[in-house]
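Colleague: Residue numbers (UniProt numbering): 1 to 496.
Think of the CB as a built atom: it goes at the ideal place given N, C-alpha and C, for glycine as much as any other residue.
The structure that follows is given in the form of structure tokens.
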Amino acid sequence: MGIVKRDSIAITVLSYVGVVVGYVNKILLFPNFLSEEQVGLTSILVSLAVMYAQFSALGINSTVVKFFPFFRTADKRHNGLFFWSALGVSVGFVLFTALFLIFREPVMHYFAKESPLLSEYYLLLIPLGLATLFYNFYSAWLQALSRTIISSAVNEVLLRLLITAEISLYALGVLNFEQFIVGYIAIYFVPMLILLLYTLYLRESHLHPVITSRTKKLVTIAGIYGLWQYLGGASVFLTNVIDQTMLAGMEGLMQGGIYAIMMYMVSAMLIPYRSMVKVATPVVTNLWKERDMAGMQRIHRDVSLMNLIVGCFFFLAIWINLDNIFSLMPASYSAGRYVFLFLGLGRIFEMYAGLTGVILITSKRYRYDFTFSVLLVGMTVASNAALIPSLGMNGAAIATMSTVIVYNLIRIGFVWKFFRIQPFAATDCWIVLLTGAMVGLSALIPYLGNFILDAAVRTLVISLLFGATVYYTNASPQLNATLDGLLARIGIRLPR
1 MGIVKRDSIA
11 ITVLSYVGVV
21 VGYVNKILLF
31 PNFLSEEQVG
41 LTSILVSLAV
51 MYAQFSALGI
61 NSTVVKFFPF
71 FRTADKRHNG
81 LFFWSALGVS
91 VGFVLFTALF
101 LIFREPVMHY
111 FAKESPLLSE
121 YYLLLIPLGL
131 ATLFYNFYSA
141 WLQALSRTII
151 SSAVNEVLLR
161 LLITAEISLY
171 ALGVLNFEQF
181 IVGYIAIYFV
191 PMLILLLYTL
201 YLRESHLHPV
211 ITSRTKKLVT
221 IAGIYGLWQY
231 LGGASVFLTN
241 VIDQTMLAGM
251 EGLMQGGIYA
261 IMMYMVSAML
271 IPYRSMVKVA
281 TPVVTNLWKE
291 RDMAGMQRIH
301 RDVSLMNLIV
311 GCFFFLAIWI
321 NLDNIFSLMP
331 ASYSAGRYVF
341 LFLGLGRIFE
351 MYAGLTGVIL
361 ITSKRYRYDF
371 TFSVLLVGMT
381 VASNAALIPS
391 LGMNGAAIAT
401 MSTVIVYNLI
411 RIGFVWKFFR
421 IQPFAATDCW
431 IVLLTGAMVG
441 LSALIPYLGN
451 FILDAAVRTL
461 VISLLFGATV
471 YYTNASPQLN
481 ATLDGLLARI
491 GIRLPR
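Structure follows, in structure tokens:
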């Protein structure tokens, strides 16, 4: 847990610096200088590019992280793993791009009526998908090497600062919208190129094939694993864009733009979870290698509880300030209040599930995750198709919340059945009750007349009450130890 705690703290700090910059972009600049349709376009292009990259990767990224300990060698050539992985990703990009072009007409026809702007910029998904694909590949390689901080810094902070600069140029009239979109795509190549240079700098990426009897055996085993991860992982990534895609196709980019901003606000809650998962994945892989099930249960429980507390806190911090946030945006965005609520509740449960997904996909039972993922896609499509026509973006949010909860419950049950590992404890219920009580208390605080003053006072009061209750009840010893360690560095010691 020490490595996970140390690196995840650094990544979380970087991520929240990025969130501050991102909030400037998404809350202040994008809504006020772009129309809802244009905001929706930028969001869905990025979401579809993530899907593009996932399909092109052929399951190689997760395979690299899982099998790197078995390929690792002292000479840092690692049995040619980098070469074979880079070759596979490149072939995958060519194959998926061919399919992307073949199905261009029916896809553009789907969006032509409600979202014609997306059809106009459809082909820009190819370079954006390429940049996303190789950023993810280099990030996975660095994750396998336990070098996760640089990738987080360039993606969470640098990328968003570049976007801030570009939207500022657009706001000043230096760029027109077409130039803005082209520049927006180009910016995504910067993190990818930086990770490429950093990977080369480490001298652990050799573009020379290594062919031995051991390599052949490892590549075969890893290839089978990668195939299953490709099928299951592609399904999971597909579900992350189904709601946006179906909403854009059925209701248009205007609702899609509002939905995208609410999704971004929810994403701030997920940063600690993603940081821990990113750092914990190679740790879990090594625990499987060592068959240390006690260690697996311990890290699973610690991560789950910390994520529940942190997730509830950040949900609470945003929810009690929604009116203040909406005051900075055009009035149309206030319609997204319940989108945030439903998406936020779903993601809190996902965080609470802890390392369930990581444990499953790095175990010998990883094939079952494909079945669960296909079920997830089916539930997502069906629920969105049923709810969007009558409830619009709220229906998409309810559908996403429901499928996220059901999907994680299925995986939790499976991991418990086969490995006797689960992240929950009955005492965790009071964290949820405490969060609800804080929401009620915030409602009793009258508006203070100025959004800055109101946000500051409201957040301070609720944060102190929530934080003090969690800390002094020792709800999470790991979280307390982390906080004590951070405060000790600046000479602060909290009374007990």
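If you run the structure through DSSP and keep just helix, strand and coil, what is D292?
Modeller: Against the sequence shown, residue 292 aligns to sequence position 292. Residue state, collapsed to three classes: coil.
Colleague: How many Å lie between I410 and G449 at the Cα?
Modeller: On the sequence shown, position 410 is the one that residue 410 refers to. On the sequence shown, position 449 is the one that residue 449 refers to. Cα to Cα, the separation comes out at about 47 Å.
Colleague: Cβ atoms of Q422 and W416: under 8 Å apart, would you say?
Modeller: Position 416 of the sequence shown, counting from 1, holds the residue named residue 416. Position 422 of the sequence shown, counting from 1, holds the residue named residue 422. Cβ atoms of W416 and Q422: closer than 8 Å.
Colleague: Since N384 and I242 are thought to touch, with beta carbons under 8 Å apart, how far apart are those beta carbons, to the nearest angstrom?
Modeller: Within the sequence shown, residue 384 is the residue found at index 384, counting from 1. Within the sequence shown, residue 242 is the residue found at index 242, counting from 1. Their Cβ separation, rounded to whole angstroms, is 6 Å, which keeps N384 and I242 in contact under 8 Å.
Colleague: What residue does the alpha helix (DSSP H) around M393 start on, and which one ends it?
Modeller: As a working note, residue 393 is residue 393 in the sequence shown. Run containing M393: 368-419, per the alpha helix (DSSP H) assignment.
Colleague: Take S334 as the anchor and find which of L343, L322, F342 has the nearest alpha-carbon.
Modeller: Taking the first residue of the sequence shown as 1, we reach residue 334 at position 334. When only C-alpha atoms are compared, the closest one is L322.
Colleague: Please identify the residue among G80, P389, L308, T164 whose C-alpha is closest to the C-alpha of G346.
Modeller: Within the sequence shown, numbered from 1, the residue matching residue 346 stands at position 346. Of the listed residues, the one whose Cα sits closest to G346 is L308.
Colleague: Within 10 angstroms of the Cβ of H109, are there 16 or more other Cβ atoms? Answer buried if so, exposed if not.
Modeller: Working through the sequence shown from its first residue, we reach residue 109 at position 109. Under this definition H109 is an exposed residue.
Colleague: Taking buried to mean at least 16 other C-beta atoms within 10 Å of its own C-beta, is Y201 buried or exposed?
Modeller: Counted from its first residue, the sequence shown places residue 201 at position 201. Y201 is exposed by the Cβ-count criterion.
Colleague: Our contact map puts L125 next to A49 with C-beta atoms below 8 Å; I'd like the distance itself, whole angstroms only.
Modeller: Numbered from its first residue, the sequence shown carries residue 125 at position 125. Numbered from its first residue, the sequence shown carries residue 49 at position 49. Yes, they are in contact, since the Cβ atoms of L125 and A49 sit about 6 Å apart, within 8 Å.
Colleague: Short of 7 Å in beta carbon distance, which residues of its chain neighbour G357, apart from the five on each side in sequence? Order them along the chain.
Modeller: On the sequence shown, position 357 is the one that residue 357 refers to. Sequence-distant partners of G357 (beyond 5 residues in either direction) whose C-beta falls short of 7 Å from its own C-beta, in its chain, are R411.
Colleague: Starting from the Cα of I398, find the closest Cα among V406, A294, L343 and give me that residue.
Modeller: Translated into the one-based positions of the sequence shown, residue 398 becomes position 398. The residue with the shortest Cα to Cα distance from I398 is L343.
Colleague: Pair every Cβ in the stretch 273-287 with every Cβ in the stretch 450-470, then say whether three or more of these pairs are closer than 8 Å.
Modeller: no
Colleague: Taking M269 as the reference, give the member of P477, Y184, E156, F313 with the closest Cα.
Modeller: Within the sequence shown, residue 269 is the residue found at index 269, counting from 1. Checked all of P477, Y184, E156, F313; the closest Cα to M269 is F313.
Colleague: Hey, quick one: how far does the alpha helix (DSSP H) through E350 stretch, first residue to last?
Modeller: Position 350 of the sequence shown, counting from 1, holds the residue named residue 350. Start and end: 337-352.
Colleague: Taking Cβ to Cβ, would you say E156 is nearer than 8 Å to G18?
Modeller: Looking up residue 156 in the sequence shown gives position 156. Looking up residue 18 in the sequence shown gives position 18. At a Cβ-Cβ threshold of 8 Å, E156 and G18 count as neighbours.
Colleague: For residue 498, which residues in the same chain have their Cβ closer than 6 Å to its Cβ, ignoring the five residues on either side in sequence?
Modeller: There is simply no residue 498 to check, as the chain begins at 1 and stops at 496 in what is shown.
Colleague: Since N32 and P272 should fall inside the 8 Å C-beta cutoff, what is the C-beta to C-beta distance between them, to a whole number of angstroms?
Modeller: Counting from one through the sequence shown, the residue named residue 32 turns up at place 32. Counting from one through the sequence shown, the residue named residue 272 turns up at place 272. The Cβ separation is near 29 Å, so there is no contact.
Colleague: From this set, F340, P106, N324, which residue's C-alpha is nearest M263's C-alpha?
Modeller: One-based indexing of the sequence shown puts residue 263 at position 263. When only C-alpha atoms are compared, the closest one is F340.
Colleague: Along the chain, where does the alpha helix (DSSP H) that runs through F30 open and close?
Modeller: Indexing the sequence shown from 1 puts residue 30 at position 30. That run of the alpha helix (DSSP H) goes 30-33.
Colleague: According to DSSP, is Y201 part of a helix, a strand, or is it coil?
Modeller: For this step, residue 201 is matched to residue 201 along the sequence shown. Reduced to three states, the DSSP call for Y201 is helix.
Colleague: Can you tell me whether A426 is buried or exposed? The criterion is at least 16 other CB atoms within 10 Å of its CB, across all chains shown.
Modeller: Numbered from 1 along the sequence shown, position 426 holds the residue referred to as residue 426. With fewer than 16 Cβ atoms within 10 Å of its Cβ, A426 is classed as exposed.
Colleague: Scan the stretch 212-292 and note each continuous beta strand (DSSP E) run of 3 residues or more that stays entirely inside, going in chain order.
Modeller: none
Colleague: Would you tell me roughly how many angstroms separate the C-alpha atoms of L87 and S402, rounded to the nearest one?
Modeller: Against the sequence shown, residue 87 aligns to sequence position 87. Against the sequence shown, residue 402 aligns to sequence position 402. Spanning the alpha carbons of L87 and S402 requires a straight line of approximately 38 Å.
Colleague: On the CB-based measure, 16 or more other CB atoms within 10 Å of its CB, does V310 come out buried or exposed?
Modeller: The count along the sequence shown starts at 1 and reaches residue 310 at position 310. V310 should be labelled buried.
Colleague: By the DSSP assignment, the alpha helix (DSSP H) with L328 in it spans what residues?
Modeller: Within the sequence shown, residue 328 is the residue found at index 328, counting from 1. Neither: L328 is in no alpha helix (DSSP H) and is coded neither H nor E.
Colleague: So what does DSSP say about S15, is it helix, strand or coil?
Modeller: Position 15 of the sequence shown, counted from the first residue, corresponds to residue 15. Of the three classes helix, strand and coil, the one that applies to S15 here is helix, per DSSP.
Colleague: Start and end of the alpha helix (DSSP H) containing A426?
Modeller: Residue numbering aside, residue 426 sits at position 426 when the sequence shown is read from its first letter. From DSSP, A426 is part of no alpha helix (DSSP H); its letter is neither H nor E.
Colleague: Under a Cβ-count criterion, where at least 16 other Cβ atoms within 10 Å of its own Cβ denotes burial, should D292 be classed as buried or exposed?
Modeller: Position 292 of the sequence shown holds residue 292. Classification for D292: exposed.
Colleague: My assumption, with CB atoms under 8 Å, is that Y366 sits in contact with L360. Please give the rounded CB distance.
Modeller: Translated into positions along the sequence shown, residue 366 becomes position 366. Translated into positions along the sequence shown, residue 360 becomes position 360. Their Cβ separation, rounded to whole angstroms, is 7 Å, which keeps Y366 and L360 in contact under 8 Å.
Colleague: With distances taken Cα to Cα, identify the nearest neighbour of Q255 among L487, L494, Y16, S35.
Modeller: Within the sequence shown, numbered from 1, the residue matching residue 255 stands at position 255. The option with the nearest alpha carbon to Q255 is S35.
Colleague: By DSSP, does E156 sit in helix, in strand, or in coil?
Modeller: If you number the sequence shown from 1, residue 156 lands on position 156. The three-state secondary structure of E156, taken from DSSP, is helix.
Colleague: Using a C-beta cutoff of 8 Å, does S90 count as contacting chain D?
Modeller: Chain labels in this structure do not include chain D; a single protein chain is all it has.
Colleague: DSSP on A10, reduced to helix/strand/coil?
Modeller: Reading the sequence shown from its first residue, position 10 is the one you call residue 10. DSSP places A10 in helix when its eight states are reduced to three.
Colleague: Given A112, which residues of its chain have a CB within under 7 Å of its CB, disregarding the five upstream and five downstream residues?
Modeller: Counted from its first residue, the sequence shown places residue 112 at position 112. For A112, where only same-chain residues beyond five positions count, the Cβ hits under 7 Å are S119.
Colleague: Nearest-angstrom Cα distance between V190 and S152?
Modeller: Here residue 190 corresponds to residue number 190 of the sequence shown, with the count starting at 1. Here residue 152 corresponds to residue number 152 of the sequence shown, with the count starting at 1. Approximately 13 Å between the Cα atoms of the pair.
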